[in-house]
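A.B. asks: Please find one structure pasted underneath; my questions will follow.
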Amino acid sequence: MILFSLFLILMIFCSLSMGYIRIPVMDIINILIAKIIGNLNFIESINETYLAVIFDIRLPRILTCTAVGAALAVSGSLFQGILLNPLADPYTLGVSAGAAFGASIAILLNLSAAFVSVPAFAFTGACATLFVVMFLSYSSKTPSLSLSSNNLILSGIIIGAILSAGISFLKFIANEQVSVIIFWLMGSFASKTWPDFFIVMIFLLAGFCISIFFARDLNLISLGAKAATSLGVDIRKVTIILLVTGSMLAAVCVSVSGIIGFVGLLIPHMVRFITGPDNRRLIPISMLAGASLLLFADTITRAVLVHEIPIGVLTALTGGPVFCWIFKKNRLT
Amino acid sequence: MKLTLHNISFAYDNDIVIKNIDCSFMSGNFYSIIGPNGSGKTTLLDLLSGFLKPAAGSIDIDKTPILSLSKKQIAKNIALVSQDYTINFPFRVKDVVMMGRHPYISRFAHPTDDDRKKVHLIMEITEILHLENRKVNELSGGERQRCIFARALCQDTQVLLLDEAFSNMDINHTLQMLSLVRQSVKEKNKLVISVFHDLNMASGWSDVLLMLKKGKIKAFGNCQEVLSQQTIKNVFNVESIVEFNEHVQAKQVYYPSN
């Protein structure tokens with residue numbers, strides 16, 4: 001875990017120095033120390049543009065990206081745990097489709113002039129979807145049997161399908177705004193600001209604490225509802241709390257940066273090979289690994305490639321084949 | 001300790017599975033529940049373990065209604081080995097057995113030495129110690145069942161509910177687990193309620209027999225009194241011969257092939 005944290009910090013520094021303007025790592029360290037201490041003596045010798053690039057452009061983008069990667073990975077581990085399925089991800093319950101639908105409406109109605117409203121609409125859409133899915137899979141007659149993974153997955157797929165059709169329809173009537181919708185959906189960390197980072201970070205911290213609080217109960221849930229109940233887990237309460245936590249994390253990520261696939265699926269899946277299935281280790285390590293992976297991907301599109309590719313496309317294009325490989329390898333053994 | 005059912009009914013949607021059951025189970029006895037498929041045996045155990053809520057009636061542990069207890073308090077009193085023993089993630093055997101200590105370990109605490117000793121001892125007597133580092137989803141059905149059985153024993157409860165807990169074990173392990181259970185009933189005054197399909201096993205090992213059919217009690221009493229050609233015909237609709245067998249020291253059932 002310490003190893004992963006160090007690796008992540010190292011990556012943040014590398015990423016900060018890379019880009020259109022190359023900035024030496026020593027200058028970065030000086031700038032950061034100066035900002036933290038509040039003593040500007042350190043940076044007298046440093047170029048003014050460096051300061052602006054680091055502090056106003058790269059740092060918010062990099063930190064937002066790190067937080068989103070971490071949040072998606074935590075969310076993915078939670079969903080895999082609750083849905084008892086190592087192939088579940090934060091979007092299995094249609095949260096992404098809900099967010100995309102909300103965002104599309106906001107863009108279509110041209111609400112994007114007021115800066116906040118596209119993310120706000122996306123977030124509302126995601127939450128609404130979650131509650132519809134939970135309502136569909138809940139039955140009051142046999143409370144301990146409802147919210148079972150099959151019910152949830154099925155409801156998620158149905159709602160997701162309806163919303164996808166809705167998005168297609170919105171694109172169809174959107175005319176010239178269609179490209180805005182498409183770009184938004186593909187996800188990007190370009191021009192992220194400090195408020196974006198703080199919002200994701202607040203959700204991430206809260207979500208992480210809740211996940212760790214219930215990590216042992218989540219372990220027991222994998223024994224099946226009946227066994228978990230007989231061992232003293234209030235399965236309905238834990239399921240609802242963790243579903244809401246996981247979905248909120250996914251919703252805030254989608255709202256801030258669009259739909260970024262495969263991080264939430266791949267990271268917990270791969271980390272499980274290293275840590276084993278114990279969620280008390282799986283969740284923190286996944287968080288760090290998710291942050292590193294997404295930062296790596298974002299740095300590649302930002303600093304290495306000639307043109308910036310939407311990050312959602314990049315993660316799916318690289319994550320997909322990796323996932324196929326892991327999947328196939330596991331089938332063979 | 002005494003488990004009492006007051007006029008319990010339960011239905012899945014509109015199918016009534018348990019109808020007005022009134023009975024009580026006392027510590028120091030080994031009860032068997034037998035009955036045809038779909039007669040409500042598993043549902044009855046689920047109600048006793050607090051997993052399902054009865055549509056009508058109440059279940060008391062001594063004088064306390066079971067639904068007024070928290071899940072954790074129930075878990076300290078009642079352990080269940082369910083029919084379904086699939087485990088979805090590759091936990092190690094010792095981790096699964098340690099999960100039996102869950103109700104006793106507070107949220108952020110680590111297992112104490114006592115917990116570890118207990119887990120070790122129980123893995124030893126259930127003969128799964130050599131499997132302790134294996135992944136549970138790679139075990140055979142019988143081995144996994146023993147692992148789940150060990151987990152329930154680690155829960156250290158007064159009441160143990162077994163839902164066909166021996167269905168995949170070989171005869172050697174079945175007999176070992178059964179004698180373990182009977183010993184704990186006689187020496188530690190525990191209460192064991194087990195669902196069986198094998199009438200001879202039920203008669204040979206348990207004290208009291210409960211026969212269920214279509215959610216109703218057809219017979220409830222001492223094995224040797226209840227088991228007869230007539231009750232078996234009533235409950236299972238099969239012809240049989242029931243005789244006392246001196247090797248088993250209990251009544252045994254034979255089914256004529258014609």
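Sequence order for the protein chains is A and B.
This note's numbering puts the first residue of the first sequence at 1, with every later residue one more than the last.
This note's numbering puts the first residue of the second sequence at 1, with every later residue one more than the last.
Beta carbons: idealized from backbone N, C-alpha and C, even for Gly.
Computed from a prediction, not measured in an experiment: that's the story for all the values here.
#1: Identify the residues that DSSP records as bridge partners of lysine 216 of chain B: which are they?
#2: Bridge partners of aspartate 15 of chain B, per DSSP?
#3: Determine the burial state of phenylalanine 169 of chain A: buried for a count of at least 16 other Cβ atoms within 10 Å of its Cβ, exposed for fewer.
#4: DSSP has cysteine 23 of chain B in a bridge; who is on the other side?
#5: How many angstroms separate the CA atom of alanine 103 of chain A from the CA atom of isoleucine 28 of chain A?
#6: Per DSSP, what kind of secondary structure is leucine 191 of chain B in: helix, strand or coil?
#7: Between the region 223-231 of chain B and the region 43-59 of chain B, are three or more C-beta pairs nearer than 8 Å?
#8: Rounded to whole angstroms, what's the CA-CA distance from threonine 333 of chain A to isoleucine 181 of chain A? Just pull it up for me.
#9: At least one CB of chain B closer than 8 Å to the CB of threonine 333 of chain A: is that the case?
#10: Here's the rule: buried if 16 or more other CB atoms are within 10 angstroms of the residue's CB, otherwise exposed. What is isoleucine 171 of chain B?
#11: Between the alpha carbons of asparagine 168 of chain B and proline 256 of chain B, how many angstroms are there, rounded?
#12: Hey, would you say valine 322 of chain B sits closer than 8 Å to valine 97 of chain B, going by beta carbons?
#13: In this structure, what does DSSP give as the bridge partners for proline 245 of chain B?
#14: For glycine 69 of chain A, tell me which candidate among A:Thr315, A:Phe296, A:Gly290 and A:Cys324 has the shortest Cα-Cα distance.
#15: With H, G and I counted as helix, E and B as strand and the rest as coil, what does DSSP make of phenylalanine 262 of chain A?
#16: Under the rule that 16 or more other beta-carbon atoms within 10 Å means buried, what is lysine 328 of chain A, buried or exposed?
#17: Can arginine 101 of chain B and cysteine 154 of chain B be called in contact, C-beta distance under 8 Å?
#18: Kindly list the residues whose CB is nearer than 7 Å to the CB of lysine 216 of chain B, restricted to its own chain and excluding five residues on each side of it in sequence; keep chain order.
#19: Return the Cβ separation of serine 194 of chain B and lysine 251 of chain B in integer angstroms, given the expectation that the two are a contact with Cβ distance under 8 Å.
#20: Going by other Cβ atoms of all chains shown within 10 Å of its Cβ, with 16 needed for buried, is methionine 99 of chain B buried or exposed?
#21: Could you tell me the alpha carbon to alpha carbon distance between alanine 227 of chain A and leucine 121 of chain B, rounded to whole angstroms?
#22: Let me confirm a value: phenylalanine 183 of chain A is counted as buried when at least 16 other C-beta atoms fall within 10 Å, else exposed. Which label applies?
#23: What is the DSSP secondary structure of tyrosine 50 of chain A, counted as helix, strand or coil?
#24: Output yes if chain B places a C-beta closer than 8 Å to the C-beta of threonine 229 of chain A; else output no.
#25: Among A:Ile309, A:Ile285 and A:Ala316, which one has its Cα closest to the Cα of leucine 3 of chain A?
#26: Please determine, among A:Arg61, A:Asn30, A:Pro86 and A:Ile57, the residue with the shortest C-alpha to C-alpha distance to proline 268 of chain A.
#27: How would you list, in chain order, the residues of chain A whose beta-carbon sits under 7 Å from the beta-carbon of asparagine 88 of chain B?
#28: Taking a Cβ distance cut-off of 8 Å, strictly less, list which residues of the region 45-60 of chain B are near chain C, in chain order.
#29: Out of A:Ile311, A:Asn175 and A:Pro24, which has the shortest C-alpha to C-alpha gap to phenylalanine 296 of chain A?
#30: Is the shortest distance between the beta-carbon of valine 238 of chain A and the beta-carbons of chain B less than 8 Å?
#31: Going by CA-CA distance only, name the one from A:Ile199, A:Ile259, A:Val306 and A:Gly81 that's closest to proline 277 of chain A.
#32: Is the beta carbon of leucine 162 of chain B less than 8 Å from the beta carbon of leucine 3 of chain B?
#33: Taking a contact to mean a Cβ-Cβ separation below 8 Å, would you say valine 136 of chain B touches valine 93 of chain B in this structure?
#34: Determine the contact status of serine 96 of chain A and valine 322 of chain A, defining contact as a CB-CB distance below 8 Å.
#35: Starting from proline 277 of chain A, find everything on chain B with Cβ-Cβ shorter than 8 Å and list it in chain order.
#36: Please work out which residues of its chain come closer than 6 Å, Cβ to Cβ, to phenylalanine 262 of chain A, disregarding the five sequence neighbours upstream and downstream, and give them in chain order.
C.D. replies: If we stick to the structure as given:
#1: Answer by DSSP bridge pairing, in chain order: B:Lys213.
#2: B:Tyr12.
#3: So phenylalanine 169 of chain A ends up on the exposed side.
#4: DSSP output for cysteine 23 of chain B lists B:Leu5 as bridge partner(s).
#5: When rounded, the distance between both Cα atoms is 36 Å.
#6: Looking at leucine 191 of chain B - three-state DSSP - the assignment turns out to be strand.
#7: With contact defined as three or more Cβ pairs closer than 8 Å, the region 223-231 of chain B and the region 43-59 of chain B are not in contact.
#8: Unreliable positioning characterises threonine 333 of chain A in this predicted model, as indicated by a pLDDT of 49, which lies under 50. A coordinate reading is not provided.
#9: Interpretation of threonine 333 of chain A is limited by its pLDDT of 49, a score under 50 that renders its predicted location unreliable; the figure taken from the coordinates is listed afterwards. Taking CB atoms only, threonine 333 of chain A has no neighbour in chain B less than 8 Å away.
#10: Burial call: exposed.
#11: When only Cα atoms are considered, asparagine 168 of chain B and proline 256 of chain B end up about 26 Å apart.
#12: A question about residue 322 of chain B goes unanswered here, because the residues of chain B that appear run from 1 up to 258.
#13: At residue 245 of chain B the sequence reads asparagine, which differs from the proline that was named. According to the DSSP secondary-structure assignment, asparagine 245 of chain B is paired through a beta bridge with B:Ala250.
#14: Of A:Thr315, A:Phe296, A:Gly290 and A:Cys324, the residue nearest in Cα terms is A:Gly290.
#15: Phenylalanine 262 of chain A: coil per DSSP, three-state reduction.
#16: The residue is exposed, with fewer than 16 neighbouring Cβ atoms inside 10 Å.
#17: Yes, these two residues count as a Cβ contact at 8 Å.
#18: If you ignore the 5 residues before and after lysine 216 of chain B, its C-beta comes within less than 7 Å of the C-beta of Lys19, all in its own chain and listed in chain order.
#19: Incorrect: roughly 17 Å between the Cβ atoms, too far for contact.
#20: Result: buried.
#21: Distance from the CA atom of alanine 227 of chain A to the CA atom of leucine 121 of chain B, rounded to whole angstroms, is 22 Å.
#22: Exposed, by the Cβ-count rule.
#23: It is helical.
#24: Answer yes: the Cβ-Cβ gap between threonine 229 of chain A and chain B drops below 8 Å somewhere.
#25: Answer by Cα proximity: A:Ile285.
#26: The candidate whose alpha carbon is nearest that of proline 268 of chain A is A:Pro86.
#27: In chain order: Leu84 and Ser222.
#28: The displayed structure is made up of protein chains A and B, and chain C is not among them.
#29: The option with the nearest alpha carbon to phenylalanine 296 of chain A is A:Ile311.
#30: Not an interface residue.
#31: Out of A:Ile199, A:Ile259, A:Val306 and A:Gly81, A:Gly81 has the C-alpha closest to the C-alpha of proline 277 of chain A.
#32: Annotated as distal: leucine 162 of chain B and leucine 3 of chain B, with beta-carbon spacing of 8 Å or more.
#33: For valine 136 of chain B and valine 93 of chain B, yes; Cβs fall inside 8 Å.
#34: If you check the CB distance, serine 96 of chain A and valine 322 of chain A do not come in under 8 Å.
#35: Taking the beta carbon of proline 277 of chain A as reference, the chain B residues within 8 Å of it are Phe89, Pro90 and Phe91, listed in sequence order.
#36: Closer than 6 Å at Cβ, skipping near neighbours: Thr315, Ala316 and Gly319.
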